[in-house]
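These notes concern the structure reproduced below.
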Amino acid sequence: MTGTIFTAKALTKVYTSGEIDVLALREVDLEIWAGEVVVLLGPSGSGKSTLLNIMGGIDHATRGSLFFKDLDLTALGDRGLTAYRRKHVGFVFQFYNLIPSLTAYENVALVTEIADNPMRPDEALAHVGLESRMHHFPAQLSGGEQQRVAIARAIAKRPEVLLCDEPTGALDSKTGIQVIEALLAINVQLGATVLIITHNASIQDVADRVLFFADGRISKIRRNETRRAAAELSW
Amino acid sequence: MRSLDIKLFRDLRRLWAQVLAITLVIAGGVASLVLTIGSYRSLDETRIAYYERYQFADVFATVRRAPTTPAGRIAEIPGVAAVDTRIAKLALLDIPGFRQPATGQFISLPESGQPVLNRLHIRVGRLPEPGNLGEVVVN
Chain A
-12 MTGTIFTAKA LTKVYTSGEI DVLALREVDL EIWAGEVVVL LGPSGSGKST
38 LLNIMGGIDH ATRGSLFFKD LDLTALGDRG LTAYRRKHVG FVFQFYNLIP
88 SLTAYENVAL VTEIADNPMR PDEALAHVGL ESRMHHFPAQ LSGGEQQRVA
138 IARAIAKRPE VLLCDEPTGA LDSKTGIQVI EALLAINVQL GATVLIITHN
188 ASIQDVADRV LFFADGRISK IRRNETRRAA AELSW
Chain B
-12 MRSLDIKLFR DLRRLWAQVL AITLVIAGGV ASLVLTIGSY RSLDETRIAY
38 YERYQFADVF ATVRRAPTTP AGRIAEIPGV AAVDTRIAKL ALLDIPGFRQ
88 PATGQFISLP ESGQPVLNRL HIRVGRLPEP GNLGEVVVN
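First to last, the protein sequences are chains A and B. FYI, the numbering for the first sequence is -12 to 222, going by the numbering used here. FYI, the numbering for the second sequence is -12 to 126, going by the numbering used here.
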């Protein structure tokens, strides 16, 4: 690991609904190291997705600071955040958000056509073991394969950070493990920092660190001395 | 070809029936618009041509018991191309078949020929003979 990639200080997010303020994130202090695999665990509404969205430049913090290396994300406007997302961040969501009328190759090409220095779509698909299915449409792929296409699309621009929000949430155990394997392979092969939100406690063993969330705060951080391989997981 | 273009063509091919229906609706709308604009312009040009042909006045002014001499001074005003004077008067008309008297407007004509402005379009008959006080044009 070569230094901090994210530094959050007193990061707070308040959602206002009418006269009610909902504190989604309460003064979170956090450092994420480059090349880490971090799992974020916690119940619904505990602030995991809010933190990930702010780190990914999808949402703004209400108070506090968040740096990506030397870049102050909390000082950026919409245009700055768009450039940040385009250049540095890959997203993987629970539902794959693939375009049904495009093949796996073309879905990945959507990103490579607008990114600086991307890898070829077939190369990105090879990273997730789908080179033989690149000309198939999403409807012709299983859920796990679709999620791996989504991962290939996320990594095709060679992002430094891969943010995954419940990437196995819609998958069964076997295909979920394949997806985790693909994410860990990306971490090793490309050196991307990988943050994974999950409700599935079994996945925490593949991480360098596990952040436990409760009520908008990080209630506990656990470092895994040894990381388990994805193939050893079961749920 | 870019992926978004491929997506567009595939979606258009898949939704060809809807695309055709929308195209027909838009074509119908555009055709209606073109016809409406054409009719409007045609009517407008016809009106302008009619007014030019019959020297329809741009400005009307009504006065009571005025002499005709100011007409010459009005004609000297810059921008005035032509001036014409006439007498207009309302009168009750007892028309056979009408229960109540009708109101008619009498407008004077020059002693011979058409007025300078607001010329008449004779559909049937002719203009009154010069000096014949018993003839009128009925509108």
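We put the CB at the ideal spot given by N, CA and C, even for glycine. Please read all numbers here as calculations on a predicted model, not as lab measurements.
| task | Just the chain B side, please: which residues come within less than 9 Å of A:Ala172 by C-beta, in chain order? | result | Here the premise fails: no neighbours, minimum Cβ distance about 25 Å.
| said: Does A:His114 pass the burial test, meaning 16 or more other C-beta atoms within 10 Å, or should it be called exposed? | reply: buried
| field | A:Gly163 versus A:Val136: straight-line alpha-carbon distance, rounded | value | 14 Å
| Pairing CB atoms from the segment 14 to 29 of chain A with CB atoms from the segment 182 to 197 of chain A, are three or more of them under 8 Å? | yes
| Would a C-beta distance cut-off of 8 Å place A:Val175 and A:Leu149 closer than the cut-off? | no
| said: On the criterion of 16 or more Cβ atoms from any shown chain inside 10 Å, does B:Ser95 qualify as buried, or is it exposed? | reply: exposed
| When B:Gly84, B:Ala89, B:Ala14 are compared against B:Leu77, the one with the closest alpha-carbon | B:Ala89
| task | Report yes or no: is there a C-beta of chain B within less than 8 Å of the C-beta of A:Leu128? | result | Answer no: the Cβ-Cβ gap between A:Leu128 and chain B never drops below 8 Å.
| query | Which runs of the beta strand (DSSP E) spanning at least 3 residues fall entirely within the segment 66 to 101 of chain A, listed in chain order? | reply | If you keep only unbroken beta strand (DSSP E) runs of at least 3 residues inside the segment 66 to 101 of chain A, you get 76 to 79.
| So which residues on chain A does B:Arg28 lean against when the C-beta distance must stay under 7 Å? | Per Cβ cutoff of 7 Å: no residues; B:Arg28 is ~45 Å from chain A at best.
| message | Taking a contact to mean a Cβ-Cβ separation below 8 Å, would you say A:Ala179 touches A:Ile138 in this structure? | response | no
| request: Check the Cβ-Cβ distances between B:Asp(-2) and every residue of chain A, and say whether any is below 8 Å. | output: Interface with chain A (8 Å Cβ-Cβ cutoff): B:Asp(-2) is included.
| message | Rounding to the nearest angstrom, what Cα-Cα distance links B:Asp(-8) and B:Leu7 in this structure? | response | 19 Å
| said: Does chain A have any CB closer than 8 Å to the CB of B:Ile(-7)? | reply: yes
| query | Can you name the residues that DSSP bridges to A:Ala201? | reply | A:Arg204, per the DSSP bridge assignment.
| Rounded to whole angstroms, how far is the Cβ of A:Lys0 from the Cβ of A:Ala48, which I believe are closer than 8 Å? | 6 Å
| Short check: CB of A:Ala141 to CB of A:Phe200, under 8 Å? | no
| message | Does chain B have any CB closer than 8 Å to the CB of A:Ser36? | response | no
| task | Can you give me the Cβ contacts of A:Gly(-10) inside the same chain, cut-off strictly under 6 Å, excluding the 5 residues immediately before and after it? | result | Ala21
| query | Around the C-beta of A:Asp65, are 16 or more other C-beta atoms found within 10 angstroms, so that it is buried, or is it exposed? | reply | Result: exposed.
| task | Using a cut-off of 7 Å between C-beta atoms, extract the partners of B:Ser182 located in chain A. | result | Residue 182 of chain B lies beyond the stretch modelled for chain B, which goes from -12 to 126, so this question has no answer here.
| query | Between B:Phe85, B:Asn105, B:Asp81, which lies nearest to B:Thr72 when the distance is taken from Cα to Cα? | reply | B:Asn105
| Which residue comes first and which comes last in the alpha helix (DSSP H) that contains A:Ser160? | 160 to 177
| Leaving out five residues before and five after A:Leu12 in sequence, what residues of the same chain have Cβ atoms less than 7 Å from its Cβ? | Same-chain partners within the cutoff: Leu(-2), Thr(-1), Lys0, Gly34, Thr37, Leu38, Gly203.
| Contact set between the segment 1 to 12 of chain B and chain A, restricted to residues whose Cβ is under 9 Å from the partner | Sequence-ordered contacts of the segment 1 to 12 of chain B with chain A read Arg1 [C-beta pairs closer than 9 Å].
| Quick check: the segment 115 to 131 of chain A against the segment 76 to 93 of chain A, are there 3 or more CB pairs under 8 Å? | yes
| In whole angstroms, what separates the C-alpha of B:Pro102 from that of B:Glu122? | 16 Å
| Test: B:Arg34 CB closer than 8 Å to a CB of chain A | no
| Which one or two residues does DSSP pair with B:Phe93 in a beta bridge? | Answer is B:Lys76.
| request: Quick one: measure Cβ to Cβ for A:Asp103 and A:Lys56, integer angstroms, because I've assumed they're closer than 8 Å. | output: Not confirmed; about 17 Å, so no contact.
| Would you say A:Glu93 faces chain B, with C-beta separation under 8 Å as the test? | yes
| request: Return the chain-ordered list of same chain residues with a C-beta closer than 6 Å to the C-beta of B:Ala58, the five sequence neighbours on each side being excluded. | output: Val70, Thr72
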